[in-house]
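Only one structure is covered here, and it is reproduced in the block below.
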Amino acid sequence: MAAKPEYRTGSDPRTLRDALGCFATGVTVVTCIDGDGQPVGLTANSFTSVSLDPPLLLVCVAKAAASASPLSSAEHFAVNVLQTEQRPASITFSTRVEDRFGQTDWEEGEFGAPVLMDSLSVFECARHAMHDAGDHFILVGKVKKATFEAGLDPLLYFRGRYRRLHFD
Ligand SMILES: Cc1cc2nc3c(=O)[nH]c(=O)nc-3n(C[C@H](O)[C@H](O)[C@H](O)COP(=O)(O)O)c2cc1C
Numbered sequence: 327m328a329a330k331p332e333y334r335t336g337s338d339p340r341t342l343r344d345a346l347g348c349f350a351t352g353v354t355v356v357t358c359i360d361g362d363g364q365p366v367g368l369t370a371n372s373f374t375s376v377s378l379d380p381p382l383l384l385v386c387v388a389k390a391a392a393s394a395s396p397l398s399s400a401e402h403f404a405v406n407v408l409q410t411e412q413r414p415a416s417i418t419f420s421t422r423v424e425d426r427f428g429q430t431d432w433e434e435g436e437f438g439a440p441v442l443m444d445s446l447s448v449f450e451c452a453r454h455a456m457h458d459a460g461d462h463f464i465l466v467g468k469v470k471k472a473t474f475e476a477g478l479d480p481l482l483y484f485r486g487r488y489r490r491l492h493f494d
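Going by this note's numbering, the letters in the sequence shown line up with residues 327 to 494, in that order.
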């Protein structure tokens, strides 16, 4: 049998990425309004629920991302959890696209942050805390409003590819 791929601190980060890619996730688009009043957002699968009381969630944002600066200073942001039909939105918000919001149906949420239409669920948050974490920062939000569609299936991400649920 072939030896298992193994990562050790300081060795090839590709192997670490592949190991982390074994953790199947959903896909979100995290949005806010920047200092010029323009909508910004990026695809993120680092979304995690944190606390029910108070209601907190987190997302990890790469410091190198163009959205990092606006997200770190916005009073409010939204986490849009994507459903299977929103794979184009995930691609739009994770690649170099001229006008991400011009290619996606969205509306202004109750607290200002953009809400993508037809999302599986939407969490509108107030910025609660930010923590430094290597080449990322951890953005913790306090959930002010959450909505969801009961009948839709999630867009999933596993081993670097989009997936969908199946039961057999
Ligand atoms: C499925 C998927 C999940 C991603 N998750 C994250 C994430 O959690 N945090 C992050 O900073 N970037 C993540 N990215 C990468 C960003 O979406 C990508 O770098 C994007 O182009 C950043 O846009 P910006 O530079 O305009 O902010 C992810 C990409 C994909 C395809």
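From the three backbone atoms N, C-alpha and C, an ideal C-beta is built for every residue, glycine too.
Proximity test, residue i beta-carbon vs ligand 2 heavy atom, cut-off 7 Å
| i | result |
| --- | --- |
| Y333 | This structure does not include ligand 2; its bound ligands are ligand 1. |
Chain-order list of residues whose beta-carbon lies under 6 Å from that of residue i (same chain, five-residue window excluded)
| i | result |
| --- | --- |
| F484 | A350 |
| R489 | L482 |
| A472 | F449 |
| E433 | V441 |
Counted within 10 angstroms of its Cβ, other Cβ atoms place residue i as buried (16 or more) or exposed
| i | result |
| --- | --- |
| E450 | buried |
| V366 | buried |
| L481 | buried |
| P414 | exposed |
| C348 | exposed |
| Q500 | Nothing in the structure corresponds to residue 500, since the chain is present only between 327 and 494. |
| H492 | exposed |
| F474 | exposed |
| Q429 | exposed |
| V423 | exposed |
| T374 | exposed |
| G435 | buried |
| R334 | exposed |
| R343 | exposed |
Residue-level contact to chain C via CB, residue i, 8 Å cutoff
| i | result |
| --- | --- |
| S377 | In summary, chain C is missing from the structure at hand, where a single protein chain is found. |
Own chain partners of residue i with C-beta closer than 8 Å, once the 5 adjacent residues on each side are dropped
| i | result |
| --- | --- |
| A400 | C358, I359, D360, A439 and R453 |
| D461 | A388, K389 and A390 |
| E332 | T341 |
Closer than 7 Å: residue i CB and nearest ligand 1 heavy atom
| i | result |
| --- | --- |
| C358 | no |
| F463 | no |
| V441 | no |
| A391 | yes |
| C386 | yes |
| F419 | yes |
| V407 | no |
| V353 | yes |
| L368 | yes |
| S416 | yes |
| S372 | yes |
Whole-number beta carbon distance between residue j and residue i, since they are thought to touch under 8 Å
| i | j | result |
| --- | --- | --- |
| S416 | M456 | Contact flag wrong, Cβ pair sits at about 24 Å. |
| V376 | V405 | That belief does not hold up - the Cβ atoms of V376 and V405 are roughly 12 Å apart, past 8 Å. |
| L383 | G467 | 5 Å |
| L446 | V407 | 5 Å |
| D379 | E411 | Between E411 and D379 the Cβ distance is about 33 Å, and since that is not below 8 Å, they are no contact. |
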